[in-house]
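Engineer: I have a structure I would like to understand better, so I am pasting it below and will then ask my questions one at a time.
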Amino acid sequence: GNCCVSPECYGHMTHLLSSLANGRIILALEGGYNLTTISEAMCSCTDALLGNPLPPLPSALKVSPSAIESILNTVHVHKKYWNCLQFDVDLPSYEPQKTALEDLETTVLSG
Numbered sequence: 001g002n003c004c005v006s007p008e009c010y011g012h013m014t015h016l017l018s019s020l021a022n023g024r025i026i027l028a029l030e031g032g033y034n035l036t037t038i039s040e041a042m043c044s045c046t047d048a049l050l051g052n053p054l055p056p057l058p059s060a061l062k063v064s065p066s067a068i069e070s071i072l073n074t075v076h077v078h079k080k081y082w083n084c085l086q087f088d089v090d091l092p093s094y095e096p097q098k099t100a101l102e103d104l105e106t107t108v109l110s111g
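Numbering (full-length UniProt numbering) for the sequence shown: 1 to 111.
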């Protein structure tokens, strides 16, 4: 949750995953919390599967700490089943960032 992935990014992730899976991918729609966004994401994923050009991603993207945590947890669980996830490279570490609310609580409680 709270990964804030754009529809365009879903297309790029689909493209990257298709190379790992030799093109064997199943896409499943889950949720429906925002019908416009999920529709755009599905179109972007379909474009990736069809080999259509994908729009470039902004160069100044910030990676959500929640996304990093989710990816690291997924790799940890699945690496014993997938050889492609068994590599000898350190992945980025995840250090939880304080939220503005937590900063405010710290300031109020300590002041």
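By construction, the Cβ of each residue, glycine as well, lies at the ideal position given by its N, Cα and C atoms.
1) Cα-Cα, which of THR46, SER18, HIS78 and SER19 is closest to LEU29?
2) Check whether the stretch 44 to 59 touches the stretch 10 to 22, taking contact to mean three or more Cβ pairs, one atom from each stretch, closer than 8 Å.
3) According to the Cβ coordinates, are CYS4 and SER64 closer than 7 Å?
4) Might you give, ordered along the chain, the residues of its own chain that have their beta carbon closer than 8 Å to the beta carbon of HIS78, omitting 5 neighbours on each side?
5) Classify ALA48 as buried or exposed, calling it buried when 16 or more other Cβ atoms lie within 10 Å of its own Cβ.
Structural biologist: Let's see:
1) THR46
2) yes
3) In this structure, CYS4 lies near SER64, with their beta-carbon atoms less than 7 Å apart.
4) LEU85
5) buried
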